[in-house]
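Visitor: Take this structure, written in structure tokens, and hold onto it; I'll ask about it next.
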Ligand code: URP
Ligand code: ZN
Ligand code: ZN
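Numbering (the numbering used here), first residue to last: -18 to 443.
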């Protein structure tokens, strides 16, 4: 059994930060001790002096190889999980998709086939339920039994993933009975479609109009409605990719009432804005995602929500489409630009920038990026922390290294960076997944097939 020792680093978890040596054996953390206090022998020693030792990141919202917008997300499970490892993320939770007219079983089997044997890091699945009816609802217990304990519904995208309020209520009722978590894409899709049609009729075809028709009020309205439906169903609710301050206010109000309502935001909403969507030429297409980027002044509200725990999780919603040939599908019509941004590689670093800028503490960084997503989706304490018995998913993080993000140097299979030229302080140096070294000082040592499927238990906040 290989023994690995990481010495002298500042071990940061959601709960505390302490200088400690970390001993790994058989893929698990077996002990922490005061630096130099134990005479542990090891096959491999990493000196983490002056660095942080943090849990591997848990990205609870990715879309590898997802068919969407007339094309397919450009990262496969092989390329996307490799990029995740480069960025210190050692677990992803991806969204299996039910095809309309198809069963959940078939959708989940498709996703297992895509991921099996290809992943560099561990992975789990949520299920997108896009066609709610009685036979489909009867499939839910089977999925929960297989460790797929969360279901995403869409109030947006009529004709694609959209569910009406009745379908949402029925699914929430079943999910509540099963102890499963309903995840919601909260935007009023039918109203947005009217505004899209009217904008196009006025000749407003540029990418910036994507942000204008998908109004903050329509995100807030849908968030409010989702919360009330969840209350009626007696179900917990997790609102994905919150971008509007008004939607966050709905979540905060629900939480103030003591309701089991949770919220997620993403780095793009913390660092990018409608200014990017309005970049000249067709450049704005690079920033088309839904919910959309908002005016810059929403960012402060989101950072505040992260501090006050009105938002609990930062995920990427990684859904990359190349500029050439994919984003270009919408050159003459913004509504045909495939929705989604690349980001799985940069979440840990972008959120660390929040630490550097004094917006969040180090322990909150790890809570938002590792511990809370692991707890939210039934993976804690195996994932998301550093404690005896946890998987040895460990990152040695250099908080002083400076890096510049660019498509020329990133590892995601997409031809642009949403953060091109942005300089960040802090960088992943070494990554272990279940004790195996995936990355060490710029050398990638991971392999497809190392990553294993993780059946999940229920949300641990309930
Ligand atoms: O634009 C986005 N977010 N694309 C991915 C699908 C979704 O709604 O999460
Ligand atoms: Zn969504
Ligand atoms: Zn998504």
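Even glycine gets a Cβ: it sits at the ideal position worked out from N, Cα and C.
The structure presented is a predicted model; accordingly, all values stated were derived computationally and were not measured.
Verify the contact flag: residue 44, CB atom, against every heavy atom of ligand 3, threshold strictly below 7 angstroms.
Guide: Here residue 44 is taken as the residue at index 63 of the chain shown, counted from 1. Correct: residue 44 has its Cβ closer than 7 angstroms to ligand 3.
Visitor: Where does the unbroken beta strand (DSSP E) through residue 219 begin, and where does it stop?
Guide: Position 238 of the chain shown, counting from 1, holds the residue named residue 219. Counting along the chain, the beta strand (DSSP E) containing residue 219 begins and ends at 218 to 220.
Visitor: Could you spell out the range, first to last residue, of the alpha helix (DSSP H) harbouring residue 145?
Guide: On the chain shown, position 164 is the one that residue 145 refers to. Note, residue 145: premise wrong, no alpha helix (DSSP H); not H, not E.
Visitor: With distance defined between alpha-carbon atoms, name the residue in 409, 124, 290, 253 nearest to residue 68.
Guide: Counted from its first residue, the chain shown places residue 68 at position 87. Measuring from the Cα of residue 68, the nearest candidate turns out to be 409.
Visitor: At a threshold of 7 angstroms, does residue 222 count as lining ligand 1 (C-beta to nearest heavy atom)?
Guide: Counting from one through the chain shown, the residue named residue 222 turns up at place 241. Answer for residue 222: yes, Cβ within range of ligand 1.
Visitor: In this structure, does DSSP put residue 170 in helix, strand or coil?
Guide: Translated into positions along the chain shown, residue 170 becomes position 189. Residue 170: helix per DSSP, three-state reduction.
Visitor: Can you tell me whether residue 341 is helix, strand or coil according to DSSP?
Guide: The residue given as residue 341 occupies position 360 in the chain shown. The answer is coil: DSSP assigns residue 341 none of H, G, I, E or B.
Visitor: Could you pull out every unbroken beta strand (DSSP E) segment of at least 3 residues lying fully inside the stretch 35 to 70, listed in chain order?
Guide: Within the stretch 35 to 70, the complete beta strand (DSSP E) runs of at least 3 residues are 38 to 43.
Visitor: Straight-line CA distance for residue 144 to residue 111?
Guide: By one-based count along the chain shown, residue 144 stands at place 163. By one-based count along the chain shown, residue 111 stands at place 130. Computed Cα separation, rounded: 7 angstroms.
Visitor: Assuming residue 317 contacts residue 311 under a Cβ cut-off of 8 angstroms, what Cβ separation, rounded to an integer in Å, is found between them?
Guide: Here the question's residue 317 lines up with position 336 in the chain shown. Here the question's residue 311 lines up with position 330 in the chain shown. About 4 angstroms; that satisfies the 8 angstroms criterion.
Visitor: So, helix, strand or coil for residue 357, using DSSP?
Guide: Counting from 1 along the chain shown, the entry for residue 357 is found at position 376. Correct three-state label for residue 357: helix.
Visitor: Short of 6 angstroms in beta carbon distance, which residues of its chain neighbour residue 14, apart from the five on each side in sequence? Order them along the chain.
Guide: Looking up residue 14 in the chain shown gives position 33. Contacts found: 2.
Visitor: Where do the ends of the beta strand (DSSP E) carrying residue 106 lie?
Guide: As a working note, residue 106 is residue 125 in the chain shown. Unbroken beta strand (DSSP E) run through residue 106: 103 to 109.
Visitor: Does the beta carbon of residue 333 fall short of 7 angstroms from some heavy atom of ligand 2?
Guide: Residue 333 sits at position 352 when you count from the first residue of the chain shown. Because no heavy atom of ligand 2 lies under 7 angstroms away, the Cβ of residue 333 does not count as near it: no.
Visitor: I'd like to confirm something about residue 190: is its beta-carbon nearer than 7 angstroms to some heavy atom of ligand 1, or not?
Guide: Counting from 1 along the chain shown, the entry for residue 190 is found at position 209. Checking every heavy atom of ligand 1 against the Cβ of residue 190, none is found closer than 7 angstroms.
Visitor: Could you tell me the distance, in whole angstroms, from the CA atom of residue 148 to the CA atom of residue 99?
Guide: By one-based count along the chain shown, residue 148 stands at place 167. By one-based count along the chain shown, residue 99 stands at place 118. In a straight line, the C-alpha of residue 148 is about 35 angstroms away from that of residue 99.
Visitor: Which residues mark the beginning and the end of the alpha helix (DSSP H) in which residue 120 is found?
Guide: The residue given as residue 120 occupies position 139 in the chain shown. Residue 120 -> alpha helix (DSSP H) spans 115 to 126.
Visitor: Closer than 7 angstroms: is that where the CB of residue 112 sits relative to any heavy atom of ligand 3?
Guide: By 1-based counting over the chain shown, the position of residue 112 is 131. It does not: the Cβ of residue 112 is nowhere closer than 7 angstroms to a heavy atom of ligand 3.
Visitor: Residue 314 and residue 163: beta carbons closer than 8 angstroms?
Guide: Within the chain shown, numbered from 1, the residue matching residue 314 stands at position 333. Within the chain shown, numbered from 1, the residue matching residue 163 stands at position 182. Going by C-beta atoms, residue 314 is not nearer than 8 angstroms to residue 163.
Visitor: Using C-beta distances below 6 angstroms, list every residue in its chain close to residue 352, excluding the 5 sequence neighbours before and after it, in chain order.
Guide: The sequence position of residue 352 within the chain shown is 371, counting from 1. Correct list, in chain order: -5, 365, 366.
Visitor: Using only alpha-carbon positions, find the residue among 255, 250, 275 that is nearest to residue 295.
Guide: Position 314 of the chain shown, counted from the start, is the residue given in the question as residue 295. That would be 250, whose Cα lies nearest to the Cα of residue 295.
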